[in-house]
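Written out below as structure tokens is the structure these notes cover.
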Ligand code: ADP
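Numbering (the UniProt record's numbering), first residue to last: 1 to 399.
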């Protein structure tokens, strides 16, 4: 086990900056997910930690050791990759013990480690199986066991579940969490799948364009996204993000306005371009607004497409022209809003209705910089400070 620090790590390839001034401070025993869209620099960050790539600038420390210039084998890390490269002509025991045998470990020590690792990944009784006789999930467990026997200070996993089918992936997520608990070791895990990151990690490092956007526990990223990128990336379906402008007493969009006193919005003033963010589960038909104590003003909408998911219904809404703020222009009514409602609610396409937002869950972002201004506008209104009562329906966006 060891803590791991990246200080000002930058990696440039000719005209591409794959990693841009990355600072990470990962605690001993933490499970951290590096998450972001394809090409954002996750794997390159991981490769600099593993020692497969040398950073152009910056320092990497594992425990007390500056490993920036050390070869991979001297860093105390073990990697598990997306492509499970098992030796096809070796059985499970030989595959798992290969690295130790190569380094001339004592046979008794090898046996001890293989037994422990197969116990952890639950492959007991399969040591003489050949890779071709195993399922994808079992092969992935062999690859993980091969990393475990090295007894690394830090596990590095680069999309290890990406090649598995959806059901197995969900199962392996639970297995990895159990593994983490059992080994009590630092794990850094790369994924482009925000759901994977949300469910497994102690903290998520959200990366875009080679830059760290936010590093926080999953629910903090979900409930208090640092900027527009994190707001749009974390959560599925995504947060509704609607462009607007601040006036003295509201955030106005083409289609609605949210009352507030601009004096109460930190780092903002009237005339600023803002983006109003609200998650689908924080939009309510007015007839269920009893569920929330801090509704926004009603907004007229018409239901468009319905997507019944079983546990909820996603309802695409279009704004009615009769409504809204002072910015109405040519684009009025063109924006869509996504709402999720209980599955037993009766709802039809082309139904005219009114919806409200839970003001405690309305986010404002500075449209120019993308930075979050405020999460929850319930205590920003001019008419005094309303109490901050949490949503009784979803418990605050838990997934
Ligand atoms: P991710 O893992 O998030 O998909 P990568 O770290 O693989 O992203 O890549 C980040 C950026 O760096 C991409 O634009 C990619 O094309 C570029 N890149 C990665 N490796 C190399 C390389 N060896 N040479 C040139 N460009 C590279």
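Virtual Cβ for every residue (Gly too), placed ideally from N, Cα, C.
All of these numbers come straight from a predicted model, not from anything done at the bench.
Integer Cβ distance of residue i from residue j, believed to fall under 8 Å
i: residue 67; j: residue 153; result: With 8 Å as the limit, residue 67 and residue 153 do not qualify as a contact, their Cβ atoms being about 10 Å apart.
i: residue 282; j: residue 380; result: Contact flag wrong, Cβ pair sits at about 16 Å.
i: residue 274; j: residue 246; result: 5 Å
i: residue 99; j: residue 146; result: 7 Å
i: residue 311; j: residue 343; result: 6 Å
i: residue 341; j: residue 305; result: That pair is no contact at about 13 Å.
i: residue 358; j: residue 284; result: 7 Å
i: residue 241; j: residue 235; result: The pair is not a contact, with the Cβ atoms about 11 Å apart (cut-off 8 Å).
i: residue 156; j: residue 46; result: 6 Å
i: residue 88; j: residue 132; result: 7 Å
8 Å Cβ cutoff met for residue i and residue j
i: residue 216; j: residue 204; result: yes
i: residue 270; j: residue 248; result: yes
i: residue 253; j: residue 276; result: yes
i: residue 265; j: residue 362; result: no
i: residue 347; j: residue 313; result: yes
i: residue 364; j: residue 355; result: no
i: residue 42; j: residue 190; result: yes
i: residue 117; j: residue 148; result: yes
i: residue 188; j: residue 60; result: no
i: residue 223; j: residue 371; result: no
i: residue 92; j: residue 128; result: yes
i: residue 200; j: residue 173; result: yes
i: residue 206; j: residue 36; result: yes
i: residue 24; j: residue 44; result: no
i: residue 71; j: residue 50; result: no
i: residue 48; j: residue 80; result: no
i: residue 120; j: residue 179; result: yes
i: residue 300; j: residue 287; result: no
i: residue 367; j: residue 243; result: yes
i: residue 90; j: residue 212; result: no
i: residue 11; j: residue 2; result: no
i: residue 338; j: residue 225; result: no
Residue i beta carbon near the ligand ADP (any heavy atom closer than 7 Å)
i: residue 44; result: yes
i: residue 222; result: no
i: residue 18; result: yes
i: residue 284; result: no
i: residue 33; result: no
i: residue 51; result: no
i: residue 39; result: yes
i: residue 189; result: no
i: residue 36; result: yes
i: residue 105; result: no
i: residue 13; result: yes
Identity of the residues DSSP links to residue i by a beta bridge
i: residue 251; result: 246, 258
i: residue 336; result: 318
i: residue 295; result: 358
i: residue 214; result: 206
i: residue 77; result: 154
i: residue 33; result: 189, 204
i: residue 167; result: Residue 167 pairs with nothing; no bridge assigned.
i: residue 307; result: 314
i: residue 375; result: 363
i: residue 26; result: 4
i: residue 12; result: 17
For this session: Please determine if the stretch 55 to 62 and the stretch 31 to 40 are in contact, where contact requires at least 3 C-beta pairs separated by less than 8 Å.
Result: no
Exercise. Should the stretch 255 to 266 be regarded as contacting the stretch 290 to 299, the criterion being three or more beta carbon pairs within less than 8 Å?
Worked result: yes
For this session: Taking 8 Å as the threshold, find out whether the stretch 135 to 154 comes into contact with the stretch 81 to 88 through three or more Cβ pairs.
Result: yes
Exercise. Are at least three pairs of beta-carbons, each pair with one atom in the stretch 174 to 184 and one in the stretch 93 to 110, less than 8 Å apart?
Worked result: no
For this session: Take every Cβ of the stretch 110 to 125, pair it with every Cβ of the stretch 154 to 169, and state whether three or more of those distances are shorter than 8 Å.
Result: no
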